[in-house]
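Enquirer: Residue numbers (the working numbering), protein chains in the order written: chain E, 86 to 635; chain C, 189 to 512; chain U, 113 to 442. From the three backbone atoms N, C-alpha and C, an ideal C-beta is built for every residue, glycine too. Predicted model, so just to flag it, every value in this text is computed and none were measured.
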Amino acid sequence: MTKGLLTTVLCAFVAASCSTKADCRGDFCGTIVIAIGGEPETLFPPASQTTAADAVADLIFLKLADIGPGMNSVGDEGFLPRLAESWEWEDSVTLVFNLNQLARWHDGAPVRAEDVEFTFAVYTDTLVASPKASVLERISSVTPRNNGQVEFKFRLPYPEQFYDATHYMRILPRHVLDTIPRVSLTSHPITRAPVGSGPYRLVRWRASEAIELVADSNFFLGRPGLARVIFRVTRDTESALAQVLAGEADVLEQLVTGVNVDRISTAPHLRTIEYPSSSYLYLQFNMRNPEDPEAPHPLFRNRMIRRALAMAVDQQELIDAVLGGLGDRTIGPVSKMLSIWNDQIPSLSYDTTRALELLNGLGWTDTDGDGYLDRSGRRLEFELVIPASSRSRRQAAVVIQDQLRRVGVNMVVAELELNTLISRVTSGRFDVFFGSRTQDPSPSTIREAWSSSGIGGANFGGYSSSEFDRLINSAIESQQADSAMTLWHRAVAHINADAPAVWLYSPNTVAAVHRRIEGVTIRPDQWTATLWTWRIPESRMIARDRRGAP
Amino acid sequence: MTRAIVRRLYQSVLVMFVVATATFFLIHLAPGDPFTPSIESANFSQEIVAQQRRNFGLDQPAHIQYVRYLQQIATGNFGISFSQHRPVLDVFYDVIPNTIVLAIAAILIDFVTGMTVGVFQSTRKGSRVDSLLSAISLVLYSTPVFWFGLMLVLLFGVTLRWLPTAGAIDPVVYHSLSLPGQLWDRIRHLILPAATLGLIGAGGTARFQRSALLEVLAEDFVRTARAKGLRERTVVTVHALRNSLLSIITLFGLSLPALLSGAVLVETVFSWPGMGRLITDAVSSRDYPVITGAAIVSALLVVAGNLTADILYRFADPRTRTAQ
Amino acid sequence: MTATPILQVHNLSVAFETPRGVVHAVDDVSFDVARGETLGIVGESGCGKTVTALSLLKLIPQPPGRISQESRVLFDGVDVLSLEGEALRKIRGARVAMIFQDPVASLNPVLTIGEQIAETIRAHKPVSRAEAREQAILLLDRVGIPDPAHRYRSYPHQMSGGMLQRVMIAIALSCTPDVLVADEPTTALDVTIQAQILDLLRGIQDEYGMSLILITHDLGVIAEIADRVIVMYAGQVVEEAATETIFSQPAHPYTRGLIDSVPRVDQPQYQITAIPGSVPPASNWPSGCRFHPRCPYAWDRCETEPQLERSGSSSAVRCWLAVDTDKATE
């Protein structure tokens, strides 16, 4: 009441301010506010390193083609045309895209083949030092044939050629960026005033505060359903929750905990949407001695100990305790988003009796009756390093600690500041690392994390199995989708048996969305990818929708 | 007086040099650097990381980077933020005004409320109201900022919906409002965060004001003022309050750093686009130029606050002015 | 002495509640002050002089202080102790003024001395700021402060103790009061300044025709200025007499002791005799005659408390010696 009174008084006082221009009419008026967990560091896609930056940039920029809802990354099956209207393979290493003649940059200029050529040059330029450069290594050249056709040449044929050509590069406007020296491209003001060809263009960016996008009503793939999309920078989950509960924000893409999901469920104006996540969590054993990287780890060099520990962890209990049931037990290093996800692959199941038998068989028994296993005077114990910043992992570590205590294993938890953790994990100075990995739609990233070719890189534990390497390499190289799938499953079964890690869970992501928004679909790898097809019917609009675009 | 202020300014330059140097080396000693790749998603190649380090001069030894940094600072150039890819000064320009506005509003609430309550209490020392207010201010004083802010958000933002829960403006309407409308929008957004910081501070200020005033009320010159037949209100305001201001001003000078650190939490709870959040983000992403720059700016703010306290003190206490 | 006294104090008793029990600082004190008269109140520190003085203007903070129900301070027939708020305020500073022992602590350090005089004037008289300022400058001039217009803007820390006591006197004079209460006005000052301040007090008393209550521990000061003297010991009046009588025929052994301890120019220094012992703490007065533990003449009767016996219109003494004349002549 007070609010209404004040507004009335204020309106009387400044009559002009409250009666703004004519209300927006029709089905394309909606304005939504999204509480976004981080602020984009840039809107220059080649320099982007965070999910927040990609989430916003993917509304402004387009790729040549988008991965389909099935997340297939082999061949071009399921891919949706974007800037490319169509494509054809001329031979196994030559791919030609035909650009959509209606595609326009936000300044009105047509999108042309030379923009694609320019984009590839920028992404692979060492002066730009794009984090995406390394995944483009197998493309040897990008050349315009004419204004509407561009040719990709590959160094060799492989199953994910199309995925590599389309998934990483957001096409950039050559005529806008050409005059800027490459070395200063990433810090040029244009990175915060992007000109793209996507469904939305940037209106304003209030640093640390909000990013406002407005629909391009002439978007060549169809008029976007929402007239305005405002990202409100909200780093704190509690604050984001308060905003959606108070009706100030319409979308929160990650509720993080089961408790938060329950709170949202009680609000009549909100609904929750659950979608598979692209990450999985695991306890990674270090195969090498933390004190001497040349020597094997005194405990974890033994496959039986690793298998016993894997069997001692009850994933379902973890999922219930930490995620409130919102997640799935993972079988191998595979997040639920991946096309190769399958819960029928053989794996070690929770069995404390068997785990204890294995440990006893290795000579670990509780001789002194203190509740912990020991052998030749040494207790069975090790240290788990976790990032102190992750609340869910801190909670999970406590549950796991308790589970291991039940079989007589003493796990000591060390919470480390993120950068300290990174430095210890990447240099091999740890026993067990509580990791989380976010995956691309392509399963081929499993190779860098778990095969011997990743040692010194993302394979922090140093797990090395020639059989796993062979299986995973042939899976990646396989041209046949069916046989690739079989090979992937065999590779996963193999790594499960070796237990270089205890696979824990893949959390389900739950988004909160205002009920008036219809047509809500979310692509697991990029939740804003289909946002331009969301809409608000005129009958359900609220005040902020009718304000329309400024 | 002017000379004293000039001397203060010289000291502040020294303070800022020390702060810049200490921060520079501390943050360089901490593990990780701005281009440490994530260990949780697809890695990019070591060559790219090395290239990025070269581009920003991080491949040089620390002492050379330090000398370069000092040269930059001396010319007023804070460098380019690694994480935001733009000049640090631009980054600061966006957030510092918000922090200052929040700090000033919080200080106003803190001292106006705190002093009013403290004065009210000390004129009713020992009464039931006095004990009640003492209890309230003690509770406030020991309330965690984060929790208190959250409670205010839930009550006034989510349940009652009287005030916005987050941000400094309403991004939906702000840009189509007239100037007074924009001002009102800003004030509405300022109320909860400023009240959070201000009221918690007011708890302490009230207790401080109460004891300071009670101490002064026991002074001989207060007895003189009463013996002169002055009205009780004059005795309290003109004579006692004015003297108790001296210790309150000292408190003001001391409370600025605490206010800035409290602001970090408030900015998080209310998604306030200020410096506190910038600094926490910069520390975790090892954004060296932002961290060192922010340390210098914070030191500058604290020095400015102390200088203000100094000037106020000289204004309030004739004994600190030099002889005529 | 036949006219109605301007100030009459009847049965004044003041107690303080302290964490260690109730302290009876002033016990049943009565005295009169005639118009134009100078009354000296003398006693060692802790005897209740200052509490008595503060009670005259109801300046005792209550709590912890407690003035008994029977106590009366009649100023011009009106009981000051029964007044509150405006009525009380109109007497304070205007009709009865006070100056204190420590002028440095008694003046507000953050206000100019001129402001502190002018605000007193404006608290009682309907004058403008400018008029009050003019009157204040005249007062500064009257109390002997050189260059008063300039000094008006000085702060207390810029002046000496003697000068500040003059300022206090100027404040006290600002509304030409009927009674001026001076509580140890010279104690904190240098010896040379003391005489000047006393001269000033005597001068203005004469000029304004005020009554002066001079509270001091210094009989020398009394001798110089007082018409009549009250001697207090342990919260009680032990003797009251005209000044000459006190010095020529002190009736109470305590008065005698006080007089003997005054250094005199006509006697060699070594003959000074101090009273043995010290004033007992107010929380624990001795039973019987409160002076008897220190009294050289004490005998068994002193175990019971003597009353203040009046002899003549202006003399009184609280001592068994005065009653038991046989014993007195022993």
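When burial is assigned at 16 or more other CB atoms within 10 Å of the CB, is Arg195(C) buried or exposed?
Expert: Exposed.
Enquirer: Assuming Gly245(C) and Gln239(C) are in contact, meaning their beta carbons sit under 8 Å apart, how far apart are those beta carbons, in whole angstroms?
Expert: The pair is not a contact, with the Cβ atoms about 12 Å apart (cut-off 8 Å).
Enquirer: How would you call Gln383(U), buried or exposed, if buried means at least 16 neighbouring beta carbons within 10 angstroms?
Expert: With a pLDDT of 48 at Gln383(U), under the threshold of 50, the modelled position of that residue is not reliable, and no figure is offered here.
Enquirer: In angstroms with no decimal places, state the Cα-to-Cα distance between Asn387(E) and Val510(E).
Expert: If you take the alpha carbons of Asn387(E) and Val510(E), they lie about 20 Å apart.
Enquirer: Whose CA, out of Arg490(E), Arg478(E), Arg476(E), Val159(E), lies closest to the CA of Asp459(E)?
Expert: Ranking Arg490(E), Arg478(E), Arg476(E), Val159(E) by Cα distance to Asp459(E) puts Arg490(E) first.
Enquirer: Over what stretch of residues does the beta strand (DSSP E) that includes Lys170(U) continue unbroken?
Expert: That residue, Lys170(U), is in no beta strand (DSSP E); it is neither H nor E in DSSP.
Enquirer: Counting only Cβ-Cβ distances shorter than 7 Å, please list the residues of the segment 401–412 of chain U near chain C, keeping chain order.
Expert: Of all residues in the segment 401–412 of chain U, none has a Cβ within less than 7 Å of some Cβ in chain C.
Enquirer: Along chain C, which residues have their Cβ under 8 Å away from the Cβ of Arg320(E)?
Expert: Within chain C, the residues near Arg320(E) are Thr456, Ser459, Arg465, Asp469.
Enquirer: Does DSSP classify Leu402(C) as helix, strand or coil?
Expert: If DSSP states are grouped into helix, strand and coil, Leu402(C) belongs with the helices.
Enquirer: Since Arg130(C) meets chain U, which of its residues come closer than 8 Å, beta carbon to beta carbon?
Expert: Because chain C spans 189 through 512 in this model, residue 130(C) falls outside it and cannot be assessed.
Enquirer: In the DSSP assignment, find the unbroken alpha helix (DSSP H) run with Pro361(E) in it and report its ends.
Expert: Element bounds for Pro361(E): not the alpha helix (DSSP H) but the beta strand (DSSP E), 355–361.
Enquirer: Is Leu251(U) helix, strand or coil by DSSP?
Expert: Helix.
Enquirer: Considering only the beta carbon of each residue, do Pro461(C) and Glu124(E) sit closer than 7 Å?
Expert: Their beta carbons are not under 7 Å apart, which means Pro461(C) does not touch Glu124(E) by this criterion.
Enquirer: Excluding the 5 residues preceding and the 5 following Ser171(E) in the sequence, name in chain order all residues of the same chain whose CB lies nearer than 7 Å to its CB.
Expert: Here the set comprises Asn183.
Enquirer: In terms of residue numbering, what span does the alpha helix (DSSP H) encompassing Leu322(U) cover?
Expert: According to the sequence as given, residue 322(U) is Met; it is not Leu. Met322(U) -> no alpha helix (DSSP H), and no H or E assigned at all.
Enquirer: Taking the CB atoms as reference points, tell me whether Glu468(E) and Asp516(E) lie closer together than 7 Å.
Expert: Against a cut-off of 7 Å, the Cβ pair of Asp516(E) and Glu468(E) comes out as a contact.
Enquirer: Compare the Cα-Cα distances from Val235(E) to each of Leu423(E), Val141(E), Val196(E), Asn558(E) and report the closest residue.
Expert: Answer by Cα proximity: Val196(E).
Enquirer: What did DSSP end up calling Thr606(E) once you bin it into helix, strand or coil?
Expert: The answer is coil: DSSP assigns Thr606(E) none of H, G, I, E or B.
Enquirer: How close, in whole Å, do the beta carbons of Val333(C) and Val207(C) come, if the pair is a contact with beta carbons under 8 Å?
Expert: Not a contact, Cβ separation roughly 24 Å.
Enquirer: Out of curiosity, what's the CA-to-CA distance linking Ile471(E) and Asn593(E)?
Expert: Distance between the alpha carbons of Ile471(E) and Asn593(E): 21 Å.
Enquirer: Which value, in whole angstroms, describes the spacing of the CA atoms of Gln611(E) and Ile145(E)?
Expert: Approximately 14 Å between the Cα atoms of the pair.
Enquirer: Residues in the same chain with beta-carbon distance under 7 Å from Asp318(C), minus the five sequence neighbours each way, listed in chain order, please.
Expert: Cβ neighbours of Asp318(C) beyond the five flanking positions: Gln309, Arg312.
Enquirer: Suppose you measure from the CA of Val134(U) to the CA of Gly197(U); what does that come to, to the nearest Å?
Expert: Taking the straight line from one Cα to the other gives about 27 Å.
Enquirer: Using a Cβ cut-off of 9 Å, pull out every chain U residue sitting near Ser302(C), in sequence order please.
Expert: Checking the sequence shown, residue 302(C) turns out to be Gly, not Ser. Under the 9 Å cutoff, chain U gives no residues; its nearest Cβ is about 21 Å from Gly302(C).
Enquirer: List the residues that DSSP assigns as beta-bridge partners of Lys237(U).
Expert: Its beta-bridge partners do not exist; DSSP assigns none.
Enquirer: Count the other CB atoms within 10 Å of the CB of Met372(E); is the residue buried (16 or more) or exposed (fewer)?
Expert: That one is buried.
Enquirer: Under 7 Å, CB to CB, which of the residues in the segment 219–249 of chain U have a partner in chain C?
Expert: Cβ contacts with chain C: Leu219, Asn220, Pro221, Val222, Glu231, Thr232, Ala235, His236.
Enquirer: With a CB to CB cut of under 8 Å and the five nearest residues on each side skipped, what residues in its chain are close to Leu405(C)?
Expert: Result list for Leu405(C): Ser310, Val424, Ala428, in chain order.
Enquirer: Quick check on Phe503(C): buried or exposed, where buried means 16 or more other Cβ atoms within 10 Å of its Cβ?
Expert: Answer is exposed; the Cβ neighbour count stays below 16.
Enquirer: For Val327(C), which residues of its own chain have a beta-carbon under 8 Å away from its beta-carbon, when the five flanking residues on both sides are left out?
Expert: Counting only Cβ-Cβ distances below 8 Å, and skipping sequence neighbours, we find Gly391.
Enquirer: Of all the CB atoms in chain U, is at least one closer than 7 Å to the CB of Ala513(C)?
Expert: Past the boundaries of the shown model lies residue 513(C); chain C is included only from 189 to 512, so the question cannot be answered.
Enquirer: Could you give the C-beta distance for His579(E) and Ser549(E), rounded to a whole number, given that I count them as a contact under 8 Å?
Expert: Their Cβ separation, rounded to whole angstroms, is 13 Å, which puts His579(E) and Ser549(E) out of contact at 8 Å.
Enquirer: For Arg419(C), go through chain U and note every residue whose CB falls closer than 8 Å to its CB, in chain order.
Expert: Those are Arg201, Ala235, listed as they occur along chain U.
Enquirer: From the beta carbon of Ala415(C), is the nearest beta carbon of chain U less than 7 Å away?
Expert: By this cut-off, Ala415(C) is an interface position.
Enquirer: Should Met422(E) be labelled buried (16 or more other beta-carbon atoms within 10 Å of its own) or exposed?
Expert: Label assigned to Met422(E): buried.
Enquirer: Compare the C-beta of Thr347(C) with all C-beta atoms of chain U and state if any pair is closer than 7 Å.
Expert: Chain U, which has no Cβ nearer than 7 Å to the Cβ of Thr347(C), makes this no.
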